[in-house]
Amino acid sequence: MSTHFPKKQEDKSYRQWTFRTLLLTVSAFLITAAVTVYRDPFFHYHAPLPQYNYPQKVYPDSNERYCNDGISRHFSYESIITGTSMSENFKASEADEIFDSEFIKVPYAGATYKEISDNLRRAYQADKEIRYIIWGLDYNTLISHKDACNEDFPYPYHLYNDNPFDDIRYVLNKSVLLGETLQVTRAENGVGSAVDFDTYGSWSVYHGEEFGAWHVLTTYGLKETPEKPQPLTGEQRRILLDNLRQNVSALAAEHPETTFYLFIPPYSVCYWDILNNEGTMDQHIEAEQLAIEELLQFSNIKLYSFSDNFELTCDLDNYKDYMHYGEWVNSQILKWMEKEEYLLTRDNYMDYLERIRKFYHSYDYASLHE
């Protein structure tokens, strides 16, 4: 009489199948992760491989917040251009020539001072010796909490910390694999390309036909009855100084070896039209004075403002909306920095403030809407 063990055989087969399935699954995950780590489209682990072509990061698909940390930590450079959309149109090659230094550009559209400061600190923590930092200080985020971040933009926190377990969201991400990793291809001649810091993040060409008065005036509306003038409050002063001291002044104090070329972006006359309508023009000028006085305490800060270049700010052909100017303005800003034109000092900043106060308070804003 023979004895059969079908149940044991089935259990053994099932265990073998389960083991093989798990092995194949784990192997697939490891291979996927290895490919992303090796090609590293966001430069999280290393600089771009010289034999590969990396997809050019151009507007509106620049992926700045995904790439900037890796660029700051792993690329070879001497100096940095940063800021918001007001800095995206800078061409690093122009800065290279003017400052005789090798620049990268790591802008963050819509960023707060905190976000940009954190990125710069990551660069310093990677033992980068930074000669110059060109940084646009936007007024619209000046009176913001010192730890504020712009939640309107997806922020890949897993790429900005040192927790390796967070990296699963990068190396085992289907969208990253298909949309980024597999787009990194081996160069036919063995000489690849990575990031063009002239075009990286730049939006000016993309919006090339959207500049001028008609476009600018359609981007904002005014209240029928203008608001009463509102001075800068004590609470706003505290928030402003906390923001500057944590995110700008502290960096300058900690890194005297770096020269900070800071500038207040030249918003158009239509921006001042809005301030006038909302009753916040004096508030703006008081806040700017407070910021200037804070920053001029540091010998390694060169602070520029171009709001008294009325020929620039009143020519709406330079703008696509009431704030954003074309790339030719960014190019001119670098030239002004080279010649130290529009440089604010302890001797001239009060004259500058009086010029903008007098001009923008007396401007005929009704003529803009005729």
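Numbering (this note's numbering), first residue to last: 187 to 556.
We put the beta carbon where it would ideally sit given N, CA and C, even for glycine.
Are residue i and residue j touching if we call contact CB-CB under 8 angstroms?
| i | j | result |
| --- | --- | --- |
| Ser-258 | Ala-295 | no |
| Pro-246 | Tyr-341 | no |
| Leu-481 | Leu-448 | yes |
| Pro-452 | Asn-486 | no |
| Ser-388 | Ile-450 | no |
| Tyr-386 | Lys-243 | yes |
| Gly-365 | Asp-503 | no |
| Tyr-457 | Tyr-508 | yes |
| Tyr-551 | Ser-379 | no |
| Phe-339 | Tyr-318 | no |
| Ser-454 | Tyr-505 | yes |
| Thr-466 | Gln-432 | no |
| Asn-336 | Ala-297 | yes |
| His-331 | Ile-425 | yes |
| Thr-444 | Ile-316 | yes |
Taking the alpha-carbon positions, what's the residue i to residue j distance?
| i | j | result |
| --- | --- | --- |
| Phe-351 | Thr-222 | 15 angstroms |
| Ile-290 | Phe-383 | 6 angstroms |
| Phe-228 | His-344 | 12 angstroms |
| Leu-403 | Asn-462 | 15 angstroms |
| Tyr-310 | Glu-440 | 10 angstroms |
| Asp-226 | Ile-266 | 22 angstroms |
| Cys-500 | Tyr-549 | 10 angstroms |
| Ile-302 | Asn-347 | 15 angstroms |
| Ala-233 | His-555 | 51 angstroms |
| Val-362 | Phe-446 | 35 angstroms |
| Asn-516 | Ala-278 | 11 angstroms |
| Tyr-299 | Lys-314 | 20 angstroms |
| Leu-476 | Arg-423 | 8 angstroms |
| Glu-264 | Val-381 | 16 angstroms |
| Leu-208 | Ile-354 | 18 angstroms |
| Ile-519 | Glu-464 | 29 angstroms |
| Pro-412 | Asp-468 | 14 angstroms |
| Ser-287 | Glu-410 | 51 angstroms |
| Val-370 | Gly-256 | 16 angstroms |
| Arg-206 | Val-212 | 10 angstroms |
| Glu-274 | Phe-484 | 26 angstroms |
| Ser-390 | Glu-280 | 16 angstroms |
| Tyr-224 | Thr-268 | 27 angstroms |
| Glu-374 | Arg-308 | 34 angstroms |
| Leu-498 | Ala-219 | 50 angstroms |
| Trp-514 | Glu-396 | 15 angstroms |
| Glu-540 | Ser-493 | 11 angstroms |
| Gly-407 | Asn-349 | 46 angstroms |
| Asp-324 | Asn-429 | 12 angstroms |
Run the CB neighbour count on residue i, radius 10 Å, all protein chains shown included, and call it buried at 16 or more, exposed below.
| i | result |
| --- | --- |
| Met-187 | Caution applies to Met-187, whose pLDDT of 48 falls short of 50 and renders its modelled position unreliable; the value that the coordinates give is listed next. Per the 10 Å Cβ criterion, exposed. |
| Thr-531 | exposed |
| Asn-305 | buried |
| Ala-473 | buried |
| Val-292 | buried |
| Tyr-252 | buried |
| Asn-254 | buried |
| Lys-544 | exposed |
| Asp-533 | exposed |
Name the residue from the options whose alpha carbon lies nearest to the alpha carbon of residue i.
| i | options | result |
| --- | --- | --- |
| Gly-376 | Cys-500, Gln-237 and Val-455 | Gln-237 |
| Met-523 | Gln-422, Leu-208 and Trp-321 | Trp-321 |
| Ala-214 | Asn-359, Lys-332 and Trp-400 | Asn-359 |
| Asp-459 | Tyr-546, Ser-262, Asn-326 and Phe-339 | Tyr-546 |
| Ile-329 | Glu-280, Glu-413, Leu-427 and Pro-442 | Leu-427 |
| Glu-479 | Glu-250, Glu-264 and Tyr-535 | Tyr-535 |
| Gly-512 | Phe-276, Gln-202 and Tyr-252 | Phe-276 |
| Ile-471 | His-230, Lys-525, Leu-418 and Ser-553 | Leu-418 |
| His-260 | Tyr-231, Arg-541 and Glu-274 | Tyr-231 |
| Ile-217 | Asp-333, Asp-255, Tyr-252 and Leu-368 | Leu-368 |
| Arg-312 | Ala-334, Asn-326, Ser-262 and Glu-396 | Sequence check: residue 312 is Ala here, not Arg. Of the candidates Ala-334, Asn-326, Ser-262 and Glu-396, the one whose C-alpha sits nearest the C-alpha of Ala-312 is Ser-262. |
| Val-434 | Thr-327, Glu-283 and Lys-521 | Thr-327 |
Taking 7 angstroms as the line, does the beta carbon of residue i fall inside it for any heavy atom of the ligand SAH?
| i | result |
| --- | --- |
| Phe-492 | For the ligand SAH, the structure offers nothing, since it holds no ligand at all. |
Within 8 angstroms of any Cβ in chain D, is that where the Cβ of residue i sits?
| i | result |
| --- | --- |
| Pro-350 | Note that chain D does not occur in the displayed structure, where there is just one protein chain. |
Please go through the region 298-340 and give each complete alpha helix (DSSP H) segment of 4 or more residues, from N-terminal end onward. Counting whole runs of 4 or more residues, the region 298-340 contains the alpha helix (DSSP H) stretches 299-311.
Can you list the beta strand (DSSP E) stretches of 3 or more residues lying completely in the region 243-307, in chain order? Qualifying beta strand (DSSP E) stretches, in chain order: 265-268 and 289-291.
At which residue ranges does the region 385-446 contain complete alpha helix (DSSP H) runs of 4 or more residues, listed in the order of the chain? Counting only runs of 4 or more, we get 399-403, 420-430 and 436-440.
Sequence ranges, alpha helix (DSSP H) only - wholly within the region 461-529, length at least 4: Listed in chain order, they are 467-481, 496-499 and 513-525.
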